[in-house]
Every structure is written in C-alpha cells, then in structure tokens.
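>
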Amino acid sequence: MNPIITLPTALPLASLALLHAADTPPGVMLESRGLPLVLFNNDGDDLKWPAYPEHHASGLWVPGGPYLPLPKIHSLDDALAPRIGTLARTRTQGLAYCGNFGLPIWELKRDHIAALGDDPLQPILQFWKRDGRTFFFSMRMNDIHHAWFNWAHLWSHFRRTHRDLLLQPPTDTQWEREFVPWIEGKTKRPDISDSSMALDYSRAEVRAYYLDTLRDACHRYDLDGVELDWLRYPCLFREGEVNVETMTAFVRKARGVLDETAKRRGHPVRLLARVPVTPEQALAIGLDVEAWLKAGWMDAVIVGPGTSFSSCPLERWVALAHRHDVPVYGSMERQNRNQVLRYGSAETLRGAIATLWAKGADGLYFFNYYLRDEMPLLDEFADPRRLARSPKEFFLEAGGNSDLTKSGGPLPLTFKAGTPAMVSLFIADDPAKAKETSIEIHFKGEDDFRPPAITLNGHPLTGLKSTRDKSDLVFTLSSATLKESLRRGTNDFNFTSSASATLAALSVHVIP
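What the sequence shown shows, in the working numbering, is residues 392 to 903, in sequence order.
#1: My understanding is that Lys-783 touches Glu-738, with C-beta atoms under 8 Å, so please give their C-beta distance in whole angstroms.
#2: Measure the beta-carbon distance from Leu-847 to Leu-877 and round it to whole angstroms, keeping in mind my assumption that it falls under 8 Å.
#3: Once DSSP output is grouped into helix, strand and coil, what is the label at Val-899?
#4: Return yes when the Cβ of Ser-699 is within less than 8 Å of the Cβ of Gly-799, no when it is not.
#5: In this structure, how does DSSP classify Ala-749 when only helix, strand and coil are distinguished?
#6: Is it true that the segment 433-450 meets the segment 682-696, where meeting means three or more beta-carbon pairs spaced less than 8 Å apart?
#7: Nearest by alpha-carbon distance to Glu-724: which of Asp-613, Thr-477 and Gly-695 is it?
#8: Report buried or exposed for Tyr-458, applying the criterion of at least 16 other Cβ atoms within 10 angstroms of its Cβ.
#9: Three or more beta-carbon pairs under 8 Å between the segment 544-557 and the segment 627-635, yes or no?
#10: Quick one: is Leu-847 near chain D, going by C-beta distance under 8 Å?
#11: According to DSSP, is Gly-490 part of a helix, a strand, or is it coil?
#12: Flag Arg-665 as yes when its Cβ comes closer than 7 Å to any non-hydrogen atom of the ligand COA, and as no otherwise.
#13: Got a sec? Which residues, its chain only, sit under 6 Å from Tyr-760 by beta carbon, not counting five neighbours each side?
#14: Suppose the cutoff is 8 Å on Cβ atoms and the five residues either side in sequence are ignored; what does the same chain contact list for Pro-822 look like?
#15: If you draw a straight line from the alpha carbon of Leu-855 to that of Thr-881, how long is it in whole angstroms?
#16: Give the single residue among Ile-676, Ala-890 and Tyr-720 whose Cα lies nearest to the Cα of Ser-586.
#17: To test your reading of the DSSP string, which unbroken beta strand (DSSP E) runs of 3 or more residues are found completely within the segment 414-466?
#18: Relative to the alpha-carbon of Asp-603, which residue among Leu-649, Arg-580, Val-571 and Thr-564 has its alpha-carbon at the smallest distance?
#19: Return the CA-CA distance between Thr-564 and Leu-430, expressed in angstroms with no decimal places.
#20: Please give me, in chain order, every unbroken run of the beta strand (DSSP E) with length at least 3 that falls completely inside the segment 826-886.
#21: Taking Gly-490 and Ser-529 to be in contact with their CB atoms under 8 Å, please state how far apart those CB atoms are, rounded to whole angstroms.
#22: Give me, in chain order, the residues of the same chain whose beta-carbon lies closer than 8 Å to that of Arg-474; leave out the 5 immediate sequence neighbours on both sides.
#23: To the nearest whole angstrom, what separates the beta carbons of Phe-886 and Leu-897, a pair I think is in contact under 8 Å?
#24: List the endpoints of the continuous alpha helix (DSSP H) containing Ala-779.
#25: Relative to the alpha-carbon of Gly-697, which residue among Asn-792, Ala-682, Ile-504 and Arg-501 has its alpha-carbon at the smallest distance?
#26: I want to know whether the segment 638-646 touches the segment 463-472 - three or more CB-CB distances under 8 Å.
#27: Could you give the distance in angstroms between the alpha-carbon of Leu-868 and the alpha-carbon of Pro-572?
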C-alpha cells in the first residue's frame with residue numbers, strides 16, 4: 392500500500408548499545424505529561440474506505456492478513472467493529488486517529504456513513520474517550536497515496552485546484568491529457584514518481600493549509616493531543632532546497648495553535664511528532680527536532696516507521712529527548728515491509744518489543760497493527776515484566792536505511808570470498824539465564840558453496856547443524872556453549888567465506 396521514499400544518500404546508523412534506563416522506568420515520563428503508555432495509530436481507513444465503497448470492492452485492507460469485508464455503516468457499532476471496538480477491549484489507553492488521509496476527515500462523502508452524523512469522527516472520539524482513554528488527532532504531514540491511487544478521497548479538491556504547489560507539478564496539458572482521465576478511471580496511471588506528488592513546504596500556501604487543518608481539528612474536537620506524522624511522507628522540499636528554519640517556524644506555529652486550544656478547552660493539548668530513526672535523517676529532510684525540544688514545544692517523540700528494532704538506534708533519540716525531559720515512543724509496524732522470516736509470529740513481535748523497551752523506550756506506538764486476533768498481545772507488550780517471561784525471537788532486519796518509511800537493517804548482506812563481514816544482533820534477554828537458546832543463520836549461494844567460518848563475540852561458532860536446499864543453506868544450533876557465547880545487548884557475528892555468499896537471515900530464539 393505504501394509508496395517508496397528514498398533519500399539521495401543513505402545516512403549511517405549509530406552502533407547499537409544497551410541503554411540502562413533504570414532511573415526512568417517505562418511510563419513514568421509519559422504519566423507526568425498525561426500521555427498513554429501505549430499509543431495506537433488506526434491509519435483512519437476504517438472510516439474512509441466505507442465512505443467510498445466504489446474504490447474498495449475487495450474490502451478493508453489488513454497488513455499481514457486477508458482483507459476484511461467492507462462494513463456498511465448503519466450505526467456506531469458498525470464503524471467500531473473493524474478495529475477500534477476490539478482495541479477498546481484491551482488496556483490500550485491512547486488512540487491516534489489519522490484525520491487527514493488525503494482530505495480532512497470531516498470532508499468525507501456522507502452518503503454511506505450518514506448514520507454517524509454531521510461529523511463522522513465525533514461519535515468515535517466520544518466512544519474512545521469514555522473511561523478516561525485519550526484521543527489524538529494524527530496528521531499526515533505530506534501524504535502521497537494519491538500518486539498511486541485515483542480514489543476521490545485522495546485527489547481532494549485542494550490537490551486538484553492547487554497543482555502548482557506540488558514538488559513536481561504537471562503542466563496544464565499533462566493534467567488534462569494524463570491525470571484527469573486517470574482520476575476519472577478512464578486510463579492508466581501516468582508515469583510519475585511518488586515524491587513528485589508531495590506538496591512543497593517551501594510554499595507558504597502549503598504550510599498555511601496544514602496549519603488551517605490543525606486549527607479546524609482543534610476547533611471541532613476535544614483532543615488530548617496531536618501527532619505530526621512526518622513519515623507520511625518524508626519528502627517536504629525539492630532536492631537541494633531543504634529549509635530547516637522554515638520547518639522550525641512551522642512547528643512553533645503548530646505549538647501555538649495547541650496552546651491557544653488548551654486555554655480555550657481548559658486542559659493541556661499535547662504535541663507529538665513521528666520522525667525518522669536518527670536525528671541526522673530528520674535534519675536531512677528539514678526537521679530540527681533538537682531545536683523543537685530545546686524550545687519546549689514537544690511533549691513526546693515517536694521514533695521511526697516501526698520496521699527496525701535490533702538495527703534501530705532508539706537509544707540515541709532517548710538520550711537526546713531525555714535531556715529535555717521529553718519521553719520517547721518506540722514504534723512497531725505490523726506489516727512485514729522488510730521481509731523478515733516469520734515476522735508476525737508472537738515470538739518475533741515479542742522480541743521486537745522487548746528490544747524497544749531495552750533500548751530505553753518510555754512507551755510503545757503501533758502502526759498498521761490491525762489483526763484483531765493479535766490485539767490481546769498489546770497488553771502483554773505493555774508489561775515488560777510479563778514480557779520477560781515469554782518466548783521471543785530476536786532477528787536482524789533487511790532493507791537498509793535509505794527509505795525512511797521502512798528503515799531496516801543490514802540484510803541481505805553479500806560478502807566476497809576472503810573478505811570478512813560483520814553484523815550485530817541486539818538481544819534484550821539474558822541468554823545465559825534462559826531455559827533454552829537457539830540460533831538460526833540462513834545463507835544463499837551457489838548450489839555447492841562452502842559455508843563461511845563464523846565467530847560470535849570473538850568465539851568460534853562450532854557444532855552447527857546444516858540443512859541445504861539448492862542455493863539455501865540453513866545453520867541451527869542449541870547448546871550450552873551458545874548460551875555462554877551470547878550476551879544481553881549487542882552480539883557481533885563475524886563471517887569469513889572462501890566463496891561468495893549472501894546472509895539472508897539471522898535470528899536467536901530465547902525461552903526464559
């Protein structure tokens with residue numbers, strides 16, 4: 392579903408190290424600001440798609456699972472059924488409702504959702520805020536799904552009538568001959584890049600549009616906070632024209648809108664931002680988060696797209712934000728966007744969440760986590776002590792870090808004959824104290840390639856059992872020696888091969 396955004400040059404990730412955060416246990420900093428331990432982003436399409444059934448005949452999209460039947464909205468219960476009703480039966484306290492996917496949610500066509508009243512989000516908000524739960528308006532700061540889909544709720548009136556504000560606007564001739572027929576469903580999609588259809592933040596009209604949307608949301612809804620989602624999508628300027636000062640001034644004004652709202656509402660309205668996995672990547676697209684923190688504008692930072700865990704330098708954001716007494720959310724996206732083996736199993740999800748806690752996360756943020764059968768796991772994830780007693784699989788990610796919407800890890804890693812290679816895997820548990828610990832290493836190469844020599848934390852890794860299937864070679868091991876060689880925190884694996892090969896997957900399974 393998600394278009395790909397890449398930076399011209401990949402920025403290096405920091406080396407990983409275990410962050411000891413005993414002085415700030417999970418939830419303490421969040422509680423002091425009235426923020427939830429778990430914040431769930433619903434993506435908003437559970438309301439928008441039923442509003443436009445003509446575009447979604449296949450049903451309601453669910454990452455990691457089959458499409459759900461598209462609900463017909465005859466009552467509030469119908470609107471809650473796909474996600475929010477199930478979520479409300481967990482102990483999750485925070486809901487970040489995506490309110491401007493393509494167009495502001497109050498501008499949705501009413502024909503098929505009339506049962507929800509004049510403003511379809513209002514009854515959902517009122518339901519969620521019962522029993523003291525908190526509701527956040529999640530703003531996509533530059534959504535570009537309209538570059539891929541010609542749905543009416545993506546090609547909004549604003550985008551159609553302000554084409555000149557796009558990063559690479561089509562000419563009038565291109566618009567009439569290529570875009571209009573496509574939007575009307577008469578021709579194929581034009582040959583365009585996804586980022587070309589993003590709005591240009593160097594234009595005052597674009598910044599004013601988003602600030603007006605923010606003001607309107609704050610006027611309409613009694614919000615506990617607002618999330619500025621800069622990862623949908625992280626393309627704000629033309630290449631070479633990034634202006635940090637412009638974006639800092641924008642965030643200052645956004646903070647001002649929330650402060651004015653707080654005075655009118657009589658309670659704080661918190662400002663959160665979802666940003667790339669490193670401060671450098673954020674700065675490269677114009678987001679000087681450190682300046683926002685120093686100015687006191689931020690109530691929490693949400694780190695990354697939720698697609699990397701072992702390879703995510705979360706501890707760097709934690710150290711930066713905590714210097715300003717601002718909490719940090721570690722992120723998980725349920726969609727397997729970096730093709731990790733078995734990702735989505737309870738063990739891999741536990742391993743990912745345990746890694747976020749171990750690296751100092753104050754709370755958890757979930758994106759595209761829509762499988763209703765898995766929602767009870769949210770309560771387990773929110774309890775680090777309970778999580779510590781459960782089996783986990785810790786894994787390396789694929790995908791690299793040039794695409795900010797699915798930042799990953801070093802796999803697949805191809806190494807040449809005779810050239811050493813190294814990867815690091817973060818393990819949140821203590822393998823030496825575990826009931827059982829095992830490892831799986833997956834290589835790809837020629838049918839008869841010889842396996843590389845492997846050292847783990849400086850010790851030769853021996854006794855591996857191998858299974859070969861054509862070009863795939865899988866090593867497994869479970870032994871007392873392995874438990875002694877592994878450690879809590881960062882584990883270094885070194886490979887020396889006599890033949891070219893590719894490391895496709897590496898994981899450690901721990902049963903406490």
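Positions of the beta carbon are idealized from the N, C-alpha and C atoms, including for glycine.
Once the coordinates are examined:
#1: The residue you call residue 783 lines up with position 392 of the sequence shown. The residue you call residue 738 lines up with position 347 of the sequence shown. A Cβ-Cβ separation of about 6 Å places Lys-783 in contact with Glu-738 under the 8 Å criterion.
#2: One-based indexing of the sequence shown puts residue 847 at position 456. One-based indexing of the sequence shown puts residue 877 at position 486. Rounded, the Cβ-Cβ distance is 7 Å, consistent with contact.
#3: Here residue 899 is taken as the residue at index 508 of the sequence shown, counted from 1. Three-state result, Val-899: strand.
#4: Indexing the sequence shown from 1 puts residue 799 at position 408. Indexing the sequence shown from 1 puts residue 699 at position 308. In this structure, Ser-699 lies closer than 8 Å to Gly-799 by Cβ.
#5: Within the sequence shown, the letter at position 358 stands for residue 749. Residue state, collapsed to three classes: helix.
#6: The segment 682-696 and the segment 433-450 do not touch, with fewer than three beta-carbon pairs separated by less than 8 Å.
#7: Translated into positions along the sequence shown, residue 724 becomes position 333. Answer by Cα proximity: Gly-695.
#8: Position 67 of the sequence shown holds residue 458. Burial call: exposed.
#9: With the cut-off at 8 Å, the segment 544-557 and the segment 627-635 do not touch.
#10: Absent from the structure is chain D; it holds one protein chain and no more.
#11: For the purposes of this step, residue 490 is taken as the residue at position 99 of the sequence shown. Gly-490: coil per DSSP, three-state reduction.
#12: The ligand COA is not among the ligands present in this structure, which contains no ligands whatsoever.
#13: Here residue 760 corresponds to residue number 369 of the sequence shown, with the count starting at 1. Same-chain partners within the cutoff: Arg-725.
#14: In the sequence shown, counting from the first residue as 1, residue 822 sits at position 431. Spatial neighbours of Pro-822 in its own chain (CB-CB distance under 8 Å, excluding positions within 5 residues in sequence) are listed in chain order as Thr-828, Leu-873, Lys-874, Leu-877, Arg-878, Arg-879, Val-899 and Val-901.
#15: Looking up residue 855 in the sequence shown gives position 464. Looking up residue 881 in the sequence shown gives position 490. Looking at the backbone, the Cα of Leu-855 and that of Thr-881 are separated by about 21 Å.
#16: In the sequence shown, counting from the first residue as 1, residue 586 sits at position 195. It is Ile-676.
#17: Every unbroken stretch of the beta strand (DSSP E) spanning 3 or more residues and falling wholly within the segment 414-466 is given here in chain order: 429-432.
#18: By 1-based counting over the sequence shown, the position of residue 603 is 212. The residue among Leu-649, Arg-580, Val-571 and Thr-564 with its C-alpha nearest the C-alpha of Asp-603 is Leu-649.
#19: Stepping through the sequence shown from its first residue, residue 564 is reached at position 173. Stepping through the sequence shown from its first residue, residue 430 is reached at position 39. Distance from the CA of Thr-564 to the CA of Leu-430, rounded to the nearest whole angstrom, comes to 45 Å.
#20: List check, beta strand (DSSP E) in window: 827-835, 844-847, 856-860 and 863-868.
#21: The residue given as residue 490 occupies position 99 in the sequence shown. The residue given as residue 529 occupies position 138 in the sequence shown. By a beta-carbon distance limit of 8 Å, Gly-490 contacts Ser-529. Their separation comes to about 6 Å.
#22: As a first step, residue 474 must be located in the sequence shown, where it is residue number 83. Taken in chain order, the residues that qualify are Asn-433, Asp-437, Tyr-761 and Arg-763.
#23: Position 495 of the sequence shown, counting from 1, holds the residue named residue 886. Position 506 of the sequence shown, counting from 1, holds the residue named residue 897. Rounded to the nearest angstrom, the Cβ distance from Phe-886 to Leu-897 is 10 Å, too far for a contact under 8 Å.
#24: Numbered from 1 along the sequence shown, position 388 holds the residue referred to as residue 779. First-last of the alpha helix (DSSP H) with Ala-779: 775-779.
#25: Working through the sequence shown from its first residue, we reach residue 697 at position 306. Out of Asn-792, Ala-682, Ile-504 and Arg-501, Asn-792 has the C-alpha closest to the C-alpha of Gly-697.
#26: Verdict: no, contact absent.
#27: In the sequence shown, residue 868 corresponds to position 477, counting from 1. In the sequence shown, residue 572 corresponds to position 181, counting from 1. Distance between the alpha carbons of Leu-868 and Pro-572: 58 Å.
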